[in-house]
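Asks: Below is the structure I would like to discuss, written out as structure tokens.
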Amino acid sequence: MMKRTMMMLSFMTTINSAQANTINIGLDWATSVNLISPRSTAFEYTDHSVKQSVDGLFDVQIDYLAWRSVFSIKVDNAYSYGHDWGDQAKTTFIVRELVWQDEVTFFGQTWDATVGKVQIDWGVGYGYRLLDLFKPYRQNALGLVAEEGVTTVALSMFDDGGEWTGLYTNSGWNQQSATAFEIANEQQGVGVRRYGLVGQHEYQLIAYYDDVRQGLIGASWVTVLDQQWALHTSSMIQKNHKGYQQPSVEIAPITLKQQGHAWQALAGISWSSESGHNLIVEYWYDSRAWDHSQWQWAIERAQYLITIPATTTLAHSYAQGFQQANIVQHNLMLHWQWNLQAWQQWQGSNRALWLADITPTIDILYSPQDEGIIATQWLTYQWLDSGDKAVDLELSSRFFMGKSDSAYAQISDKYMMALTIRGRF
Amino acid sequence: MFNQHQQQYISHFIKLCVYIGCLFSSLAMANNTFSEPQVQQMLSTADSFRLRDDAAKVVSLVTLYQNNEVDKTRQYNVYTRANRQSLVVFKSAIEAGQKMLMLGDNYWLQMPKTRRPIRITPMQKLLGEASVGDISTLAWRHDYQASWHADEEISDITGKNVAAYQLKLTAVTSGVSYQKINLWVDQVTYFPLKADLYLASGKLAKQAVFSQGQRDGKPAVVAMTLFDSIQQSKKTVIEYQLIVPWLLDDKYYTPSFLSRSNTTDL
Numbered sequence: 017m018m019k020r021t022m023m024m025l026s027f028m029t030t031i032n033s034a035q036a037n038t039i040n041i042g043l044d045w046a047t048s049v050n051l052i053s054p055r056s057t058a059f060e061y062t063d064h065s066v067k068q069s070v071d072g073l074f075d076v077q078i079d080y081l082a083w084r085s086v087f088s089i090k091v092d093n094a095y096s097y098g099h100d101w102g103d104q105a106k107t108t109f110i111v112r113e114l115v116w117q118d119e120v121t122f123f124g125q126t127w128d129a130t131v132g133k134v135q136i137d138w139g140v141g142y143g144y145r146l147l148d149l150f151k152p153y154r155q156n157a158l159g160l161v162a163e164e165g166v167t168t169v170a171l172s173m174f175d176d177g178g179e180w181t182g183l184y185t186n187s188g189w190n191q192q193s194a195t196a197f198e199i200a201n202e203q204q205g206v207g208v209r210r211y212g213l214v215g216q217h218e219y220q221l222i223a224y225y226d227d228v229r230q231g232l233i234g235a236s237w238v239t240v241l242d243q244q245w246a247l248h249t250s251s252m253i254q255k256n257h258k259g260y261q262q263p264s265v266e267i268a269p270i271t272l273k274q275q276g277h278a279w280q281a282l283a284g285i286s287w288s289s290e291s292g293h294n295l296i297v298e299y300w301y302d303s304r305a306w307d308h309s310q311w312q313w314a315i316e317r318a319q320y321l322i323t324i325p326a327t328t329t330l331a332h333s334y335a336q337g338f339q340q341a342n343i344v345q346h347n348l349m350l351h352w353q354w355n356l357q358a359w360q361q362w363q364g365s366n367r368a369l370w371l372a373d374i375t376p377t378i379d380i381l382y383s384p385q386d387e388g389i390i391a392t393q394w395l396t397y398q399w400l401d402s403g404d405k406a407v408d409l410e411l412s413s414r415f416f417m418g419k420s421d422s423a424y425a426q427i428s429d430k431y432m433m434a435l436t437i438r439g440r441f
Numbered sequence: 018m019f020n021q022h023q024q025q026y027i028s029h030f031i032k033l034c035v036y037i038g039c040l041f042s043s044l045a046m047a048n049n050t051f052s053e054p055q056v057q058q059m060l061s062t063a064d065s066f067r068l069r070d071d072a073a074k075v076v077s078l079v080t081l082y083q084n085n086e087v088d089k090t091r092q093y094n095v096y097t098r099a100n101r102q103s104l105v106v107f108k109s110a111i112e113a114g115q116k117m118l119m120l121g122d123n124y125w126l127q128m129p130k131t132r133r134p135i136r137i138t139p140m141q142k143l144l145g146e147a148s149v150g151d152i153s154t155l156a157w158r159h160d161y162q163a164s165w166h167a168d169e170e171i172s173d174i175t176g177k178n179v180a181a182y183q184l185k186l187t188a189v190t191s192g193v194s195y196q197k198i199n200l201w202v203d204q205v206t207y208f209p210l211k212a213d214l215y216l217a218s219g220k221l222a223k224q225a226v227f228s229q230g231q232r233d234g235k236p237a238v239v240a241m242t243l244f245d246s247i248q249q250s251k252k253t254v255i256e257y258q259l260i261v262p263w264l265l266d267d268k269y270y271t272p273s274f275l276s277r278s279n280t281t282d283l
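So the sequence lines, in the order shown, correspond to chains A and B. Be aware that the first sequence starts at 17, since it is given in my numbering, and climbs by one per residue. Be aware that the second sequence starts at 18, since it is given in my numbering, and climbs by one per residue.
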């Protein structure tokens, strides 16, 4: 027994010395050709010709000892419709993460410390993750995105049932241009989180105070029911929020203001089958978004204001309602993905083995109150995969549809398409 | 007392009785040779040729072949411990940073460049890269109820004929990749020779053949070759490059710890 313990200790020593000499570097690149078809809406009249652009992204991840850094170079509009190559190009160097995470000991107690810029992703949903409290990470984006972390100082303690975390965050360190809404919602604050695992049930309890929301509490619960079914739910109440307020007078723009308390809730169920189908159905509510009557009022006002040259810009201002975390209050999402490799296995099919390299995905986001629809599809083909390097091709498209007076039908893009090639080595 | 003819009859009668006795005895043995504990012991011994310790680090190199040509390779480091708990760290360049945590029948997946452990159902785990389930399961005894089925002579991976026991394994936990397994073990050593692996649908998914070698001077399974029964052009070879006793801190088996960067050097 003693001998075995010594053996284990000696191997543990080995990993520590191996860590000291190990530097891991991962490289990713992606290029995306995008098509956007604009349309005139209640908020804006526009040229309807299809716009093309080419974007690029190069990521380097470097892990050394307890350090992780992820740097990106993002080139937007390397080519842009109506311009020569490079004329409209905008290159941004982005520190997505630069963080140190290791054990520290205070007063005889061992803690896991985090210091630096790091993504903190506590959300449990698919279509919307309301517990991504410090910086909302875009879900299911089309084209290329480089998400950034938040400046964080955190201490965690792990026990038999889960983890306690106390942290300070500041979401103001950004390299990418942000909207007025995002800038207004940059926050710094302190909080505590409990993550727990009881049997097959996972829960989170969060309390956080920052200078924008001035206090919030959040919770989540995730459980797996059986082989195929799983449930997830989360909710949050906050004391204040900043959002776009519609004017009480007719000739005035909307304004970004501190508003009162708000709450959000999300519930979802997922199902997967042996034949490779994965389904997720989610509903979420966000009291911060404009409700049905507010959107109808905004559309009616903008339709009137846009006809008068002096008030056209006032009509444009209503489109800022699209910048908020959720466009509408009530949201219903259906997600479907098909694993064709599993399907072939299930069918016992030995034909067209190349089909196993294709993954189709469809998301339907439905607004029950005004019957607006955002439909997105991805078709991903794994072109190369050797273990050392991989290249994927992805054809994606997003359509903004639904009733003509729905909020989604006022988005100035009728549809978007992207052909993306991604590589990793 | 008996004349010569009578003695011959008696001798033939005794021989006949012995033959019949042997026949019934062997028939009886054929139907009920081993008790359930004996078969489970066989299974435990077979397991020990793959994994001797409750807590261990297993370094596996997986080579996937298509039409006998290398299609892709993968490397996994598996940290397994008691109570069916495993942490799988994906080490190939294109999967670096990916991890899977298995706590009994509960599973989490951590994708590279995210800080988001995703809870997945047992079915979603089965739908993932098939070899993950194969490399993370190194013991049958915790997941399967075994029963003796037959004596057979089979060819091992070198083509040599070996007397084997065929065992039938039925899953007793919900998260396993294969619902039923027909396993052949050496009659003398109980070394695993080959296995037919069946999906929950009853379909024969793969056939596994085990390669014998030496680890720490003792006989051990050094590789497992999986032949795809449905897509017969596919073959997977899993080489166990390193199996050593290893005990990770408890926090590595906490789902929320998955996203921390200092697990990348595991």
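Glycine included, C-beta positions come from ideal geometry on N, C-alpha and C.
Under 8 Å, Cβ to Cβ, is there at least one residue of chain B near Leu282 (chain A)?
Replies: Translated into the one-based positions of the first sequence, residue 282 (chain A) becomes position 266. False, the Cβ-Cβ gap to chain B never drops below 8 Å.
Asks: So, for Gln83 (chain B): in the same chain, excluding its five sequence neighbours on each side, which residues have a beta-carbon less than 6 Å away from its beta-carbon?
Replies: As a first step, residue 83 (chain B) must be located in the second sequence, where it is residue number 66. Only Ser250, Lys251 meet the Cβ criterion.
Asks: Comparing C-alpha positions only, which one of B:Ile260, B:Leu283, B:Leu264, B:Arg277 sits nearest to Ser77 (chain B)?
Replies: Counting from one through the second sequence, the residue named residue 77 (chain B) turns up at place 60. The residue with the shortest Cα to Cα distance from Ser77 (chain B) is B:Ile260.
Asks: If Leu221 (chain B) sits next to Leu200 (chain B), beta carbons under 8 Å apart, how far is it from one beta carbon to the other, in whole angstroms?
Replies: For the purposes of this step, residue 221 (chain B) is taken as the residue at position 204 of the second sequence. For the purposes of this step, residue 200 (chain B) is taken as the residue at position 183 of the second sequence. At roughly 14 Å, the Cβ-Cβ gap does not stay under 8 Å, so Leu221 (chain B) and Leu200 (chain B) are not in contact.
Asks: Along chain A, in chain order, which residues have C-beta atoms closer than 7 Å to that of Asn94 (chain B)?
Replies: Residue mapping note: residue 94 (chain B) aligns to position 77 of the second sequence, counting from 1. What Asn94 (chain B) touches in chain A: nothing, since even the nearest Cβ is about 10 Å away.
Asks: Could you give the C-beta distance for Ile52 (chain A) and Val66 (chain A), rounded to a whole number, given that I count them as a contact under 8 Å?
Replies: For the purposes of this step, residue 52 (chain A) is identified with residue 36 of the first sequence, where counting begins at 1. For the purposes of this step, residue 66 (chain A) is identified with residue 50 of the first sequence, where counting begins at 1. Sure, about 7 Å apart at Cβ, within 8 Å.
Asks: First and last residue of the beta strand (DSSP E) that includes Gln353 (chain A)?
Replies: Here the question's residue 353 (chain A) lines up with position 337 in the first sequence. It spans 346-354 - the beta strand (DSSP E) in which Gln353 (chain A) sits, taken as one unbroken run.
Asks: Taking 8 Å as the cut-off, decide whether the C-beta atoms of Thr167 (chain A) and Asn190 (chain A) are in contact.
Replies: Your numbering for residue 167 (chain A) matches position 151 in the first sequence. Your numbering for residue 190 (chain A) matches position 174 in the first sequence. No; because the gap between Cβ atoms is not below 8 Å, this pair is not in contact.
Asks: Give me the subset of the stretch 383-405 of chain A whose CB atoms are less than 8 Å from a CB atom of chain B, sorted by chain position.
Replies: The stretch 383-405 of chain A vs chain B, Cβ under 8 Å: Asp401, Ser402, Gly403, Asp404, Lys405.
Asks: Using the beta-carbon count (16 or more within 10 Å), is Ala196 (chain A) buried or exposed?
Replies: Residue numbering aside, residue 196 (chain A) sits at position 180 when the first sequence is read from its first letter. Exposed, since its Cβ has fewer than 16 Cβ neighbours within 10 Å.
Asks: With 16 as the cutoff for other CB atoms within 10 Å, does His351 (chain A) come out buried or exposed?
Replies: As a working note, residue 351 (chain A) is residue 335 in the first sequence. Counting Cβ neighbours within 10 Å, His351 (chain A) comes out buried, since at least 16 surround it.
Asks: Is Ala305 (chain A) buried or exposed, if buried means 16 or more other CB atoms sit within 10 Å of its CB?
Replies: One-based indexing of the first sequence puts residue 305 (chain A) at position 289. Classification of Ala305 (chain A): buried, given that the 10 Å Cβ count is 16 or more.
Asks: Determine the DSSP secondary structure at Ala368 (chain A), reduced to helix, strand or coil.
Replies: Here residue 368 (chain A) refers to the residue found at position 352 when the first sequence is read from its first residue. DSSP places Ala368 (chain A) in coil when its eight states are reduced to three.
Asks: Identify whether Trp311 (chain A) lies in helix, strand or coil by the three-state DSSP scheme.
Replies: Translated into positions along the first sequence, residue 311 (chain A) becomes position 295. The answer is helix: DSSP assigns Trp311 (chain A) an H, G or I state.
Asks: CA-CA distance, Leu435 (chain A) and Val49 (chain A)?
Replies: Here residue 435 (chain A) refers to the residue found at position 419 of the first sequence. Here residue 49 (chain A) refers to the residue found at position 33 of the first sequence. Answer to the nearest angstrom: the Cα atoms are 5 Å apart.
Asks: Along the chain, where does the alpha helix (DSSP H) containing Gln61 (chain B) start, and where does it finish?
Replies: The count along the second sequence starts at 1 and reaches residue 61 (chain B) at position 44. Sequence inspection shows Ser at residue 61 (chain B); the Gln mentioned does not correspond to that position. Its alpha helix (DSSP H) spans residues 53-65.
Asks: At least one CB of chain A closer than 8 Å to the CB of Asp282 (chain B): is that the case?
Replies: By 1-based counting over the second sequence, the position of residue 282 (chain B) is 265. For Asp282 (chain B), the nearest beta carbon of chain A is closer than 8 Å to its own beta carbon.
Asks: What are the start and end residues of each continuous alpha helix (DSSP H) run of 4 or more residues lying completely inside the stretch 179-264 of chain A, in chain order?
Replies: For the stretch 179-264 of chain A, whole alpha helix (DSSP H) runs of length 4 or above, ordered along the chain, are 196-200.
Asks: So which residues of chain B does Ile136 (chain A) contact, with C-beta pairs closer than 8 Å?
Replies: Counting from 1 along the first sequence, the entry for residue 136 (chain A) is found at position 120. Correct list: Arg132.
Asks: Short of 6 Å in beta carbon distance, which residues of its chain neighbour Tyr270 (chain B), apart from the five on each side in sequence? Order them along the chain.
Replies: The residue given as residue 270 (chain B) occupies position 253 in the second sequence. Closer than 6 Å at the Cβ level, and outside the excluded window around Tyr270 (chain B), lie Gln102.
Asks: Pull up the CB-CB distance for Ile437 (chain A) and Ala46 (chain A), whole angstroms please, since I reckon it's below 8 Å.
Replies: By 1-based counting over the first sequence, the position of residue 437 (chain A) is 421. By 1-based counting over the first sequence, the position of residue 46 (chain A) is 30. Indeed, because the Cβ distance is near 7 Å, the residues count as touching under 8 Å.
Asks: Could you check what DSSP says for Ser65 (chain A) in three-state terms: helix, strand or coil?
Replies: Taking the first sequence and counting its residues from 1, one reaches residue 65 (chain A) at position 49. Ser65 (chain A) falls in the coil class under three-state DSSP.
Asks: Enumerate in chain order the residues of its own chain whose CB-to-CB distance from Leu158 (chain A) is below 6 Å, with the five nearest sequence positions on each side excluded.
Replies: In the first sequence, residue 158 (chain A) corresponds to position 142, counting from 1. Excluding residues within five positions, the ones whose Cβ falls inside 6 Å are Ser412, Arg414, Met432, Ala434.
Asks: Is Ala217 (chain B) helix, strand or coil by DSSP?
Replies: What you label residue 217 (chain B) is simply residue 200 of the second sequence in a count that begins at 1. If DSSP states are grouped into helix, strand and coil, Ala217 (chain B) belongs with coil.
Asks: Gly292 (chain A): which of A:Pro376, A:His217, A:Thr271 sits nearest, CA to CA?
Replies: The count along the first sequence starts at 1 and reaches residue 292 (chain A) at position 276. For Gly292 (chain A), the nearest C-alpha among the options comes from A:Pro376.
Asks: Do you know how far the Cα of Leu348 (chain A) is from the Cα of Leu381 (chain A)?
Replies: To locate residue 381 (chain A), count along the first sequence from 1; it is residue 365. To locate residue 348 (chain A), count along the first sequence from 1; it is residue 332. Spanning the two alpha carbons is a distance of roughly 6 Å.
Asks: Distance check for Thr50 (chain B) and Leu44 (chain B), CA to CA, integer angstroms please.
Replies: Position 27 of the second sequence, counted from the start, is the residue given in the question as residue 44 (chain B). Position 33 of the second sequence, counted from the start, is the residue given in the question as residue 50 (chain B). Note that Leu44 (chain B) scores a pLDDT of 43, beneath 50, so its modelled location is shaky; the value from the coordinates is reported in the next line. So the alpha carbons of these two residues sit roughly 9 Å apart.
Asks: Go through its chain and collect everything with a Cβ distance to Val86 (chain A)'s Cβ below 6 Å, but skip five positions before and after it.
Replies: Position 70 of the first sequence, counting from 1, holds the residue named residue 86 (chain A). Answer for Val86 (chain A): Gln77, Arg112, Glu113, listed in chain order.
Asks: Keeping to the same chain, check which residues put their C-beta closer than 7 Å to that of Lys268 (chain B); ignore five residues upstream and five downstream.
Replies: Start at 1 with the first residue of the second sequence, and residue 268 (chain B) comes out as number 251. Closer than 7 Å at the Cβ level, and outside the excluded window around Lys268 (chain B), lie Phe274.
Asks: Run through chain B and tell me which residues come within less than 8 Å of Phe441 (chain A), C-beta to C-beta.
Replies: As a working mapping, residue 441 (chain A) is identified with position 425 in the first sequence. Residues of chain B passing the Cβ test: Ala110, Ile111.
Asks: Output the distance between the C-alpha atoms of Gly132 (chain A) and Gln204 (chain A), rounded to the nearest integer angstrom.
Replies: Taking the first residue of the first sequence as 1, we reach residue 132 (chain A) at position 116. Taking the first residue of the first sequence as 1, we reach residue 204 (chain A) at position 188. Roughly 14 Å separates the two Cα atoms.
Asks: Excluding five sequence neighbours on each side, which residues of the same chain lie with their C-beta closer than 8 Å to the C-beta of Met46 (chain B)?
Replies: Here residue 46 (chain B) refers to the residue found at position 29 when the second sequence is read from its first residue. Residue placement at Met46 (chain B) cannot be trusted, given a pLDDT of 44 that sits under 50; the coordinates are not used to answer.
Asks: Just to confirm the assignment, what range does the alpha helix (DSSP H) spanning Lys142 (chain B) have?
Replies: Counted from its first residue, the second sequence places residue 142 (chain B) at position 125. Run containing Lys142 (chain B): 139-144, per the alpha helix (DSSP H) assignment.
Asks: Given this structure, state the Cα-to-Cα distance separating Val238 (chain A) from Thr242 (chain B), to the nearest angstrom.
Replies: As a working note, residue 238 (chain A) is residue 222 in the first sequence. As a working note, residue 242 (chain B) is residue 225 in the second sequence. Just so you know, the alpha carbons of Val238 (chain A) and Thr242 (chain B) end up roughly 37 Å apart.
Asks: Here's a check: name, in chain order, each residue in its chain whose Cβ is nearer than 6 Å to the Cβ of Thr21 (chain A), leaving out the five neighbours to either side.
Replies: Position 5 of the first sequence holds residue 21 (chain A). In this predicted model, Thr21 (chain A) has a pLDDT of only 39, less than 50, meaning its place in the structure is not dependable; the value taken from the coordinates is given anyway. None.
Asks: From Gly276 (chain A) to Glu198 (chain A), what distance separates their C-alpha atoms?
Replies: In the first sequence, counting from the first residue as 1, residue 276 (chain A) sits at position 260. In the first sequence, counting from the first residue as 1, residue 198 (chain A) sits at position 182. Distance between the alpha carbons of Gly276 (chain A) and Glu198 (chain A): 18 Å.
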